[in-house]
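Keeping their order, the protein sequence lines are chains A and B. Just add 23 to wherever you are in the first sequence, counting from 1, and you've got the numbering used here. Just add 23 to wherever you are in the second sequence, counting from 1, and you've got the numbering used here. Every residue, glycine too, gets a C-beta built ideally from N, C-alpha and C. Working notes for the structure below.
There are 2 protein chains.
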Amino acid sequence: MADRVGFVGLGIMGRGMAANLVRAGTALTVYNRTAERTAPLVELGAVAARTPRAVAQNSDVVIICVSDTADVEQVLFGTDGVADGLAPGGLVIDTSTVSPTATRHWAERLAEGGVAFVDAPLTGGSEGAEQGTLSIMVGGADADVERALPYLQQVGSTITHVGPVGHGQVTKLANQILVVSNMLGVAEALMFARASGLDLAKVITAVEGGAGGSWMLSKRAPQVIDDDWRPGFRVDLQQKDLRLVLEAAGELRVPMLATSLISQLYQPLLRDGRDGDGNHALAETVARLAGQR
Amino acid sequence: MADRVGFVGLGIMGRGMAANLVRAGTALTVYNRTAERTAPLVELGAVAARTPRAVAQNSDVVIICVSDTADVEQVLFGTDGVADGLAPGGLVIDTSTVSPTATRHWAERLAEGGVAFVDAPLTGGSEGAEQGTLSIMVGGADADVERALPYLQQVGSTITHVGPVGHGQVTKLANQILVVSNMLGVAEALMFARASGLDLAKVITAVEGGAGGSWMLSKRAPQVIDDDWRPGFRVDLQQKDLRLVLEAAGELRVPMLATSLISQLYQPLLRDGRDGDGNHALAETVARLAGQR
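Shown next, in the form of C-alpha cells:
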C-alpha cells in the first residue's frame, strides 16, 4: 500500500510543493498555522487537519516546510506535535532550512519512538516550488532517503543525497555562503565600475563568460543595474540563513570572515524595512558606502 | 598596405600571443627585456629588435604585454622607449593589466605626438594565449579600436569594446574583484563543510547548478579538494591585480570591503613562498584559520 503523506507548512514554498504532491496522486493531509491557507489544497483534493499531531495520525510520512529551527521544533515536539501522532515506522522529511545540530538531535529523539528522519532543504524559489523543479540536498540513512525519494521527486528535479542526517542542512548552508559571497563580489565590482563611469551592462557582458562568472552575476547583476529589487530570495530569509551559518560555524569554532561581514552588510536593509527585497539588494548597501545611494 | 606590427613583452602570455600573430601572417617585430626569449619567435618568422624604440621605428602598431604599471611606463616613455620610435599615425595596444589612471595619462601624452592608444587587458591564462582564445576587454576611441580589432582577433576569441581609454582596465579589475570574491566564497563554503565532516565532492555536485554556482566553484573547488595548487592564475599576479584594484578604488575614495580583506588573506601565501601557486590557494589560508592546515 502506498504511504499516506502529511504536509505541515503551506507558506510560499510549501503550498507549491503540496499542490504538486496532490496532483501527482498522493493522498495528502495538510496543516497550516493560518488555517485558511489549507483551502486551495483541499480544493485540489487534500484533507485538512487541525493540528500537526492530527496530520501525523493520518500519515505514514510527514513532510515539514516551515521557516526556522524553533518552528520545526514546535511542529515536531510542541503541544499536538507530529511526534505525538506518528506511529513507529513513520518517516519525517524536513525541507526547512534549519540548524544542522538541532536536526541531528531531532533525528535521535524521533528514532527513540521508531520514527525515521531525513533532512531535505531546498533551493529554487517559489517558481521552483510551483513548477516542481527544486534542487534538494538530502541527509539521512540510505533506506530512509530511498523511501523519501518518490515524494522528493514530485517536488524537485535535482535531488542529491549528500550524507547522513544533518548533511543536507550543512550543504544548504554552504550553498548560502556561496550565494552571498558571489553577490558581494558582484556588488563590489559593479560599485567600482560605476564609480569609474563605466557602462555596467557592457562590463557584465565582457566578464560573465570567464573566471569571474557566476549565477548571481548573470541573473542578479542585470536586476541591480535596473534597480529591480523583486526577490528571488528575500533579504529577511537570507539573513536568517546567514544566522544559521554563523551559529553552526560558531559551534565548530571556525571563523567565517566573508559570511560574518556580509551578514553585517544586510543589516541596513532590514533597518530600512527592505525585508521583502531580493538578496541582491546587498548591492544597495555597498553602493551606499560608495556614496552612490 | 597592411600594418607592420611590433610586440613588446614575451612572457608567459606575450609569447603565445606573438606566436599566433606571426602564424596569422602578421609582419612582426619583437622585443623582450631578456633577449633570448625572442629566439622561438624569430624561428617562426618574426624579426627581433634591440629596444622598444627600435620595435616602434619598424612598426605602425605596437602591442605591449608586460606585468605592471611601471613596466608599461618604462616601455613607452623610458630610454629607447616606444614613444621615441613610433611615427604620428601609430597605434599602441596595451594588453597588460595596469592602472586605469596611468592608462588615461599615457593616452593623452601619446596623443600629443599623434599616436593613438587602446587598452586591451585580457583573461584566459597561458592556455588561452597559446590557443588564441583569450577574452579581451577593450577601451579606446571607436576608430582606434576598429584598427586594433584584426590583431586582437588573432590572439583572442571574445573581444568586448567596453568604452573609452581606461575602461578596458576598469573592466579587467572588476573581473578580478569577482574572481577573488567568488574564490573566497568557495574557500569558506568548503572549509565550513569540511569542518562539518561532509564529502566535499558531493557538496559541489549538489550546489554548482544553482544560485551558488560560479566558474571558480566548478573549475577550482575540485582542485582544492585534490590539493592541486597548479596555477590557472598565479598568486603573485593575483595579488598585484588586487593592489591595482585597491589603488584605483583609493583614488575614487570608495571602500572595497571584500577585495581589501581578500588581499590580506593572500599575504600568508606570499610569506610562505607560494607565489607560483594558483589563486585558488586562497582556500589554504581560510583552511588554516579553521585549523584544517
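For residue 312 (chain A), a Cβ of chain B is located within less than 7 Å of the residue's own Cβ.
Runs of beta strand (DSSP E) with 3 or more residues, each lying fully within the segment 270-314 of chain B, are absent.
In this chain, the beta strand (DSSP E) harbouring residue 30 (chain A) covers 28-31. Here residue 215 (chain A) carries a helix assignment [DSSP, helix/strand/coil].
In terms of beta-carbon proximity, residue 263 (chain B) stays away from the interface with chain A, with every pair separated by 7 Å or more.
Per DSSP, the beta-bridge partners of residue 140 (chain B) are B:115. At a cut-off of 7 Å between beta-carbon atoms, residue 128 (chain A) makes no contact with chain B. In terms of CA proximity to residue 261 (chain B), B:305 leads the group B:305, B:219, B:249.
C-alpha of residue 156 (chain A) to C-alpha of residue 146 (chain A): approximately 9 Å in a straight line. Excluding sequence positions up to five before and after residue 32 (chain B), its CB lies within less than 7 Å of the CB of 55, 87, 88, 89, all in the same chain and listed in chain order. For the pair residue 225 (chain A) and residue 216 (chain A), the Cα-to-Cα distance works out to about 10 Å. A direct Cα-to-Cα measurement between residue 209 (chain A) and residue 313 (chain A) gives close to 14 Å.
Annotated as proximal: residue 281 (chain B) and residue 207 (chain A), with beta-carbon spacing under 7 Å.
For residue 183 (chain B) against residue 144 (chain B), the beta-carbon gap comes to about 11 Å, at or over 8 Å, which does not count as contact.
Chain-order list of chain B residues neighbouring residue 215 (chain A): 193, 196, 197, 200, 268, 271, 272, 275, 277, 279, 282, by C-beta distance under 9 Å.
In this structure, the CA atom of residue 283 (chain B) is about 14 Å from the CA atom of residue 285 (chain A). Ranked by Cα distance from residue 267 (chain B), the options B:291, B:236, B:189, B:72 are led by B:189. At a C-beta separation below 7 Å, residue 123 (chain B) has these neighbours in chain A: 219. Here the alpha carbons of residue 159 (chain A) and residue 168 (chain A) stand approximately 12 Å from one another. Between residue 257 (chain A) and residue 300 (chain A), the alpha-carbon positions lie close to 6 Å from each other. Residue state for residue 89 (chain B) is assigned as coil, using DSSP reduced to three classes. Inside the segment 141-180 of chain B, DSSP marks whole beta strand (DSSP E) runs of 3 or more residues at positions 157-162, from first to last along the chain.
Approximately 5 Å separates the beta-carbon atoms of residue 45 (chain B) and residue 69 (chain B); this is inside 8 Å, confirming the contact. When the Cα atoms are used, residue 139 (chain A) and residue 27 (chain A) turn out to be separated by approximately 15 Å. The beta-carbon of residue 172 (chain A) is placed no less than 7 Å from the nearest beta-carbon of chain B. In the structure shown, the three-state DSSP call for residue 71 (chain A) is strand. Residues of the segment 228-244 of chain B whose Cβ lies closer than 8 Å to any Cβ of chain A, in chain order: 228, 229, 230, 232, 233, 234, 235, 236, 237, 238, 239, 240, 242. Following the DSSP letters along the chain, one finds residue 226 (chain B) inside the alpha helix (DSSP H) bounded by residues 223-230. When C-beta atoms of the segment 221-235 of chain B are compared with those of the segment 196-207 of chain B, fewer than three pairs fall below 8 Å, so the two segments do not count as touching. Here DSSP, grouped into helix, strand and coil, assigns residue 183 (chain B) to strand. For residue 52 (chain A), the enclosing beta strand (DSSP E) has its first and last residue at 51-54. Secondary-structure assignment with DSSP links residue 237 (chain B) through a beta bridge to A:237.
Beta-bridge annotation (DSSP): residue 257 (chain B) is paired with B:301. If you compare the alpha carbons of A:136, A:187, A:84, A:211 with that of residue 49 (chain A), the shortest gap goes to A:84. Per the coordinates, the alpha-carbon of residue 303 (chain B) lies some 7 Å from the alpha-carbon of residue 247 (chain B). Flagged as an interface residue toward chain A: residue 160 (chain B), by a C-beta distance shorter than 7 Å.
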